[in-house]
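Chemist: Using our numbering, the letters of the sequence shown correspond one by one to residues 170 to 267.
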Amino acid sequence: MMKCVWCEKTFEGKVFPVVAKAKGKKEKQKYVSDEPFGLEVTVPGFKFKGIAVSEDSPFKKNGYDMVFCACSEKCRENFMIAVKTRRKSIFDLLKSLK
Ligand SMILES: [Zn+2]
């Protein structure tokens, strides 16, 4: 069971993930871990919960440091818009996965 990054409902089944790259070397250091761990990202008006991925995960191998899980395409869109419009510089890259 997971909690949606946007509506915070608990859900099962299909996940709509968003991956992100931490900005810069110093930030990236914070997300180096053998085990995934929970994290919180704040933008004005919002606090979003995500997961820092482990070093051996396929996400990490593609350069991504964290993943956020949404329950629907709509929630995923709202989340990405909120981050992008409120605080552009928080991540090096924010990308939705199919
Ligand atoms: Zn949702």
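We put the CB at the ideal spot given by N, CA and C, even for glycine.
In the DSSP output, which residue or residues are listed as bridge partners for Glu-209?
Modeler: In the DSSP output, where bridge partners are listed per residue, Glu-209 has Lys-218.
Chemist: Of all Cβ atoms in chain D, is any one closer than 8 Å to the Cβ of Asp-234?
Modeler: Although the question refers to chain D, the structure presented lacks it and comprises just one protein chain.
Chemist: Is it true that the CB of Phe-237 sits closer than 8 Å to the CB of Val-174?
Modeler: Against a cut-off of 8 Å, the Cβ pair of Phe-237 and Val-174 comes out as a contact.
Chemist: Using only the alpha-carbon positions, how far apart do Cys-240 and Pro-205 sit?
Modeler: The alpha-carbon atoms of Cys-240 and Pro-205 are separated by roughly 20 Å.
Chemist: Express the C-alpha separation of Met-170 and Glu-264 in angstroms, rounding to a whole number.
Modeler: According to the sequence as given, residue 264 is Lys; it is not Glu. Going by the C-alpha atoms only, they are around 23 Å apart.
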